[in-house]
Amino acid sequence: MKQTVARVTIVVPDYDDGIAFYCGKLGFDLIEDTDLGSSKRWVLVRPKGAAETALLLARADGEKQRAAIGNQTGGRVGFFLFTDDFARDHAAMLAAGVEFREAPRHEAYGSVAVFADPFGNLWDLLQPAS
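The end of the sequence shown is residue 130 by the UniProt record's numbering, with every number in the run present.
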């Protein structure tokens with residue numbers, strides 16, 4: 001499976017904390033980290049055994065961060081963490097202490113579970129239907 005999600009904005013109070021969440025707590029491999037200026041940082045990560053995921057980290061603090069998150073589709077940002085093994089990655093994220101807002105469910109387009117990152121964003125862990 002080769003799928004890439006590109007230029008998805010994740011609002012974080014601190015770049016290093018954002019990278020530490022995805023590459024430390026979740027154990028993703030850091031492929032690329034580029035400062036784009038204008039409070040933005042391009043980060044390419046690869047979940048263990050899954051597809052590459054491109055993140056655009058945007059730095060914002062306090063009320064500015066909450067407003068930025070709230071302005072993106074009612075608090076839900078269009079980010080999907082694609083995986084080639086949903087059960088494995090869901091279990092690994094649970095073991096890492098990731099908070100899932102919904103129990104995994106099966107839709108026509110695949111298996112999905114919604115989790116929250118420490119910065120207030122909600123994301124989908126998705127295995128597309130084969």
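Glycine included, C-beta positions come from ideal geometry on N, C-alpha and C.
(1) If you check the beta carbons only, do ASP33 and VAL45 fall under 7 Å apart?
(2) Among all the DSSP beta bridges, which residues are the ones paired with GLY59?
(3) Quick check on DSSP: helix, strand or coil for PHE85?
(4) For ASP29, list the residues DSSP reports as bridge partners.
(5) Can you list, in chain order, the residues of its chain whose CB lies under 8 Å from that of THR73, leaving out five sequence neighbours each side?
(6) Going by C-alpha distance, which of PHE28, GLY27 and LEU55 is nearest LYS40?
(7) Quick check: what's the CA-CA separation for LYS48 versus VAL11?
(8) Residues bridged to GLU107 by DSSP?
(9) Can you tell me whether ILE31 is buried or exposed? The criterion is at least 16 other CB atoms within 10 Å of its CB, across all chains shown.
(10) Check this for me: beta carbons of LEU126 and VAL112, under 7 Å apart or not?
(11) Taking ASP124 as part of the beta strand (DSSP E), name the residues at either end of that continuous run.
(12) Measure from the alpha carbon of ALA96 to the alpha carbon of each residue in PRO118, PRO128 and LEU57, then state which is nearest.
Reading it off the structure:
(1) no
(2) It should be noted that the sequence gives Arg, not Gly, for residue 59. Beta-bridge pairing links ARG59 to VAL12.
(3) Reading off the sequence, residue 85 comes out as Asp, not Phe. Residue state, collapsed to three classes: coil.
(4) ARG46
(5) Any reading at THR73 must be qualified, since the residue scores a pLDDT of 46, below 50, and its modelled position is unreliable; the value itself is stated next. There are no such residues.
(6) LEU55
(7) 23 Å
(8) DSSP, once it has assigned bridges, lists GLY110 as partnering GLU107.
(9) Exposed is the call here.
(10) It is a contact, given that the beta carbons lie within the stated cut-off.
(11) 122-128
(12) PRO118
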